[in-house]
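Numbering (this note's numbering), first residue to last: 6 to 337.
We put the beta carbon where it would ideally sit given N, CA and C, even for glycine.
In this text, all values refer to a predicted model and were calculated from it rather than measured experimentally.
To start, the structure itself, in structure tokens.
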Ligand code: PMV
């Protein structure tokens with residue numbers, strides 16, 4: 006099945022009541038158990054399931070307007086996006102899947118995520134665009150169908166439709182590979198964004214993922230690692246046990262980066278400051294402060310800890326941004 010047929014099937018359940026404009030917000034998400042490797046490259050289905058946590062009011066707001074001109078115009082953080090850029094192309098490819106009646110759009114996206122945080126703003130970007138399109142056309146699709154659509158923009162976008170813990174299911178049937186929320190809150194949990202470098206990353210997560218899956222001799226064990234970590238992370242969530250959740254999330258990130266280190270060419274996102282920050286996390290644990298890290302395709306870390314330890318964490322990491330994932334705020 007190609008993308009067009011896939012989208013047509015999802016939209017066959019949609020209603021249609023077009024408006025002139027719409028807007029939506031979607032939170033960024035951090036994977037505690039990572040998505041790394043595609044089963045179906047065209048439909049963006051994953052080899053394994055993954056599990057993330059939403060970042061409350063940190064994310065992307067997207068406004069969309071029907072445009073009279075015969076072309077799309079896209080603004081990101083008030084700047085017009087170059088029509089020859091990969092960023093523009095990715096959004097155009099996504100819009101091409103739902104375009105009909107020669108309709109064109111003006112899209113204004115704003116992200117309040119610190120750009121250097123290595124937090125894929127593409128996840129919240131495509132999720133908010135999908136939600137905005139649902140409103141613009143009055144599709145009235147349910148969250149599951151919207152997750153199936155958002156996945157085409159960026160895999161992790163399918164997890165950005167909800168706050169809190171979200172699991173994205175792997176499945177050989179592309180219509181069953183959607184994300185859904187895990188119905189639990191953990192009000193004492195905190196997430197820290199630790200920016201150790203503002204340097205641009207050398208290789209995109211998309212390219213790094215494909216190179217790793219194709220060349221690391223250890224990639225075949227990745228699904229086993231994910232099964233182990235996913236199950237421990239779920240236990241940690243259900244028992245609200247920071248040690249179980251944190252240790253499994255950290256182990257999963259370490260395994261992810263070990264895979265990348267063994268790819269050809271070697272992919273390394275660690276900077277000396279990244280190594281130093283990991284060391285500091287381990288030292289804090291030695292001194293009985295339960296703090297754990299996770300790391301995506303970049304040098305910055307995200308810390309997982311309990312709110313009661315915030316003062317200690319802030320003392321150890323001066324510039325950390327602390328997020329409360331469960332006390333939801335509408336301030337953006
Ligand atoms: O969804 P993508 O193509 O941006 O890839 C996301 C990759 C990681 O952030 C490293 C892992 C994840 O599950 O979010």
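Bridge partner(s) assigned by DSSP for residue i
{"i": "residue 307", "result": "198 and 299"}
{"i": "residue 70", "result": "26 and 111"}
{"i": "residue 56", "result": "38 and 172"}
{"i": "residue 79", "result": "112"}
{"i": "residue 64", "result": "32"}
{"i": "residue 328", "result": "196"}
{"i": "residue 185", "result": "172"}
{"i": "residue 50", "result": "45"}
beta-carbon residue i near the ligand PMV non-hydrogen atom, thresh 7 Å
{"i": "residue 302", "result": "yes"}
{"i": "residue 211", "result": "yes"}
{"i": "residue 265", "result": "no"}
{"i": "residue 241", "result": "no"}
{"i": "residue 39", "result": "yes"}
{"i": "residue 6", "result": "no"}
{"i": "residue 55", "result": "yes"}
{"i": "residue 160", "result": "yes"}
{"i": "residue 128", "result": "yes"}
{"i": "residue 19", "result": "no"}
{"i": "residue 36", "result": "yes"}
Buried versus exposed call for residue i [16 or more other C-beta atoms within 10 Å across all chains shown]
{"i": "residue 21", "result": "exposed"}
{"i": "residue 192", "result": "exposed"}
{"i": "residue 229", "result": "exposed"}
{"i": "residue 59", "result": "buried"}
{"i": "residue 161", "result": "buried"}
{"i": "residue 177", "result": "exposed"}
{"i": "residue 335", "result": "exposed"}
{"i": "residue 143", "result": "exposed"}
{"i": "residue 171", "result": "buried"}
{"i": "residue 226", "result": "exposed"}
Straight-line Cα distance separating residue j from residue i
{"i": "residue 147", "j": "residue 42", "result": "27 Å"}
{"i": "residue 224", "j": "residue 211", "result": "16 Å"}
{"i": "residue 18", "j": "residue 184", "result": "18 Å"}
{"i": "residue 200", "j": "residue 118", "result": "12 Å"}
{"i": "residue 259", "j": "residue 9", "result": "37 Å"}
{"i": "residue 189", "j": "residue 74", "result": "46 Å"}
{"i": "residue 329", "j": "residue 45", "result": "35 Å"}
{"i": "residue 93", "j": "residue 293", "result": "47 Å"}
{"i": "residue 7", "j": "residue 137", "result": "24 Å"}
{"i": "residue 112", "j": "residue 332", "result": "30 Å"}
{"i": "residue 89", "j": "residue 95", "result": "11 Å"}
{"i": "residue 337", "j": "residue 114", "result": "13 Å"}
{"i": "residue 87", "j": "residue 287", "result": "43 Å"}
{"i": "residue 40", "j": "residue 65", "result": "21 Å"}
{"i": "residue 273", "j": "residue 108", "result": "43 Å"}
Close-in-space but distant-in-sequence residues of the same chain around residue i (CB under 6 Å, 5 per side omitted)
{"i": "residue 159", "result": "127, 128 and 131"}
{"i": "residue 26", "result": "70"}
{"i": "residue 317", "result": "294"}
{"i": "residue 300", "result": "258 and 306"}
C-beta neighbour in chain C for residue i, strict 8 Å
{"i": "residue 336", "result": "No chain C appears in this structure, which consists of one protein chain only."}
Cβ shell of residue i (< 8 Å), same chain only, five flanking positions each side left out
{"i": "residue 295", "result": "247, 248, 251, 310, 311 and 314"}
{"i": "residue 278", "result": "201, 202 and 304"}
{"i": "residue 179", "result": "6, 11, 45, 48, 50 and 153"}
{"i": "residue 166", "result": "31, 132, 135, 136, 148, 151, 152, 155 and 184"}
{"i": "residue 232", "result": "53"}
Sequence-distant residues of its chain with Cβ nearer than 7 Å to residue i (five each side left out)
{"i": "residue 240", "result": "249"}
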